[in-house]
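Student: Let me give you the structure first, and then I'll get to my questions.
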Amino acid sequence: MADGLLLTRRERVRLYWQKFAVGYGPSLLLGLIALAVGAGSVAYVILILGLLLGFFVASSARKVRGAVIGGIASGIILFVLQLLIAWFVTHSWFGPQ
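Pasting the structure below:
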C-alpha cells in the first residue's frame, strides 16, 4: 500500500475496520477478562473507554502495524489506569483509617 490515494472506497472502509479491530482488540480482551472475574462496572468502563480509544487509533494510524501498536498501548494504559484508581480508592486520605 502506498498512500491510499488509489484505494477504492470499499478498500478504505475495509482497511479502517481492520485497523479498528486490531486497535480495540487488547482493550476488548482486558474488558472481557474483567467481566469474567466479576468486576462489572469496571469492565464496562474499560470496554467503553477502549471503544473510544479504538476509534481514535483506527482514525489516526496510517498502517495496520501502527494500529496494532496503538491497540496494545491503549490496553496497557487502561490496565495501569485501573491499577491507579484502585490504589487511590484503597489509600484514601479522607476515608476511614
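Heads up: the sequence shown begins at 88 in our numbering, then just goes up one per residue. From the three backbone atoms N, C-alpha and C, an ideal C-beta is built for every residue, glycine too. Remember, predicted model here, so these are calculated numbers, not experimental data.
Rounded to a whole number of angstroms, what is the C-alpha to C-alpha distance between Arg152 and Ala160?
Tutor: Roughly 12 Å separates the two Cα atoms.
Student: Can you name, in chain order, every residue of its own chain whose Cβ lies under 8 Å from the Cβ of Val129, other than the five neighbours on each side?
Tutor: Correct list, in chain order: Ala121 and Gln169.
Student: Below 8 Å on the Cβ atoms is my contact criterion, and I expect Ala148 with Gly110 to pass it. Report the Cβ-Cβ distance as a whole number of Å.
Tutor: Right, their Cβ atoms sit about 7 Å apart.
Student: If we ignore side chains and look at the alpha-carbon of each, how far apart do Leu136 and Ala123 end up?
Tutor: Each residue's alpha carbon lies about 18 Å from the other.
Student: Quick check on Leu165: buried or exposed, where buried means 16 or more other Cβ atoms within 10 Å of its Cβ?
Tutor: With 16 or more other Cβ atoms within 10 Å, it is buried.
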